[in-house]
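Numbering (this note's numbering), first residue to last: 349 to 600. Where a beta carbon is used, it is the ideal one built from N, C-alpha and C, also for glycine. The next block holds one structure in the form of structure tokens; read it before the comments.
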Amino acid sequence: MSSKSTYFIANWKMNGSPKDLIQIKNLDFFIKNRFKKHNKLIVYCPPQPLITYFAKKIRSKNIKFGSQDVSNNNFAFGAFTGEVSSHILKNSGAEYVIIGHSEKRLAGDNYNTIKQKINNANQNKLKIIFCIGESLKENKNKNSLLILKKQILASLEKGLNFKNILFAYEPVWSIGTGIIPSQSYLIKVFSELKKILIRHYSVKSPKLLYGGSVNAQNIQSLKMIPNCNGYLIGGASLTSKNFIDIIQNYYS
Ligand code: PEP
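And the structure:
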């Protein structure tokens, strides 16, 4: 395993309340006591109203906070009801933001809005968790790599600070289904993603994450994928017990 940080990113989706601080406290206690020597970074992405509260309560060099979305409007403030700018997010305690999640794409985000969100987050120095992934149909039609390339090229401009971008490969057919891709498939996808990022953006060591139904059992095989710098975890990140089991099995 490399000496680089391994990312365990929790996407809580539309779940959580202030009392779930206990889940994060449990995890904080556990990693401080059991995993001191491992180079890891945990990023919690709860619903936006919880970010400030959690970020104030948890001060840890291994636990950071992020948002699940950001406005595509390039203003710090303004008449955009319901929108949250990168600037506001940054001031609320978020250091990361998920952009391009398939559930947001399904709800209307397109290549252009995703590009605008990425540019805004980049300008405000938020670290970006950029989600890409093909649908089941695209996968069955053997179009996965084409789709991934399109998602990247259509939304990433050349001048971005690529040090602040994590690429989360999340096949849509794997999210919440309990199904994960085979090791050989993931190895191929990761190596192709590296090639695309080198060829088009000169990014030599992109940080690549896998997301989709990660759990304490399948982490044993997912941790074998070369070039994988971490995981984006939905359902199994909601309780500290499940989340800790994943981290424990990753390092066992
Ligand atoms: C996700 O939605 O980003 C995700 C990875 O979900 P799950 O782990 O529940 O499949």
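Item	Value
Buried versus exposed, by CB contacts within 10 Å (16 or more), residue 419	buried
Buried or exposed by the 16-neighbour rule on C-beta atoms within 10 Å, applied to residue 554	buried
For residue 354, three-class secondary structure by DSSP	strand
The region 372-383 in contact with the region 557-572 per 3-pair CB rule at 8 Å	no
Euclidean distance between Cα positions of residue 463 and residue 571	30 Å
Sequence-distant residues of the same chain with beta carbon closer than 8 Å to residue 487, five excluded per side	519 and 521
Ligand 1 heavy atom lying under 7 Å from the CB of residue 583	yes
Cβ-heavy atom distance, residue 560 to ligand 1, below 7 Å	yes
Closer than 7 Å: residue 619 CB and nearest ligand 1 heavy atom	Outside the displayed span of the chain (349 to 600) sits residue 619, for which this structure offers no information.
Separation of residue 407 from residue 561, as counted between CA atoms	28 Å
Integer-rounded CB distance, given that residue 443 should sit under 8 Å from residue 481	Not quite, the Cβ-Cβ distance comes to about 23 Å (not below 8 Å), so this is no contact.
Buried versus exposed, by CB contacts within 10 Å (16 or more), residue 584	buried
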